[in-house]
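A.B. asks: Residue numbers (the working numbering): 164 to 330.
Take this structure, written in structure tokens, and hold onto it; I'll ask about it next.
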């Protein structure tokens, strides 16, 4: 997944990042003053993944990954609605972007405080792609970092996995 801090992004295949040209390749088109975010490598079951975005103003929006288009290159589609006036002024931009599975847990860090959200609690922030997003709780509006905790796969019972003993 490729995105910019202006709030636009898209999904692309890894082969689209390769080039034969020595000078490089233009993969993403950026509006004036925008910077690219770190690419996110997508693994796992795509239908169960959600894109979560947090803006500098403390708004969070989550939507299914399948709503984001797959493109070879370009500007992409709007992930979260950031006013062009606020973006040009530098007061609002896409600060954090990550993927979370339906079974995952999210921990947001804001100064010395941290806040854990399970996927069921994250439901308050789920909306449609390109919406503004909902405000985070007071005291957590300025998110410094985010940690996504993935579910631990259950190991099969030992009795079922061992072959039967020969008498």
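By construction, the Cβ of each residue, glycine as well, lies at the ideal position given by its N, Cα and C atoms.
Note that this is a predicted model, so its numbers are computed, not measured.
Beta-carbon separation of residue 189 and residue 236 under 9 Å?
C.D. replies: Yes, Cβ-Cβ distance for residue 189 and residue 236 is below 9 Å.
A.B. asks: Give the straight-line distance between the Cα atoms of residue 258 and residue 170, rounded to the nearest whole angstrom.
C.D. replies: Answer to the nearest angstrom: the Cα atoms are 9 Å apart.
A.B. asks: Buried or exposed for residue 218, going by 16 or more other Cβ atoms inside 10 Å?
C.D. replies: With 16 or more other Cβ atoms within 10 Å, it is buried.
A.B. asks: Between the Cα of residue 191 and the Cα atoms of 184, 221, 207 and 234, which residue gives the shortest distance?
C.D. replies: Nearest C-alpha to residue 191: 234.
A.B. asks: Evaluate residue 201 with the Cβ neighbour count: other Cβ atoms within 10 Å of its Cβ, from every protein chain shown; 16 or more gives buried, anything less gives exposed.
C.D. replies: Flag for residue 201 reads exposed.
A.B. asks: Just to confirm before moving on: does the CB-CB distance between residue 198 and residue 214 stay below 9 Å?
C.D. replies: In this structure, residue 214 does not lie closer than 9 Å to residue 198 by Cβ.
A.B. asks: What is the DSSP secondary structure of residue 192, reduced to helix, strand or coil?
C.D. replies: Coil, per DSSP.
A.B. asks: Taking the alpha helix (DSSP H) that residue 251 falls in, what are its first and last residues?
C.D. replies: It spans 247 to 252 - the alpha helix (DSSP H) in which residue 251 sits, taken as one unbroken run.
A.B. asks: Which residues mark the beginning and the end of the beta strand (DSSP E) in which residue 282 is found?
C.D. replies: Residue 282 -> not in any beta strand (DSSP E); alpha helix (DSSP H) instead, spanning 282 to 285.
A.B. asks: I'd like to check one pair, residue 247 with residue 278: are the Cβ atoms closer than 9 Å?
C.D. replies: Cβ distance not < 9 Å, so residue 278 and residue 247 don't count as in contact.
A.B. asks: Sort 305, 175, 276 and 263 by Cα distance to residue 285 and report the nearest one.
C.D. replies: When each option's Cα is compared against that of residue 285, the closest is 263.
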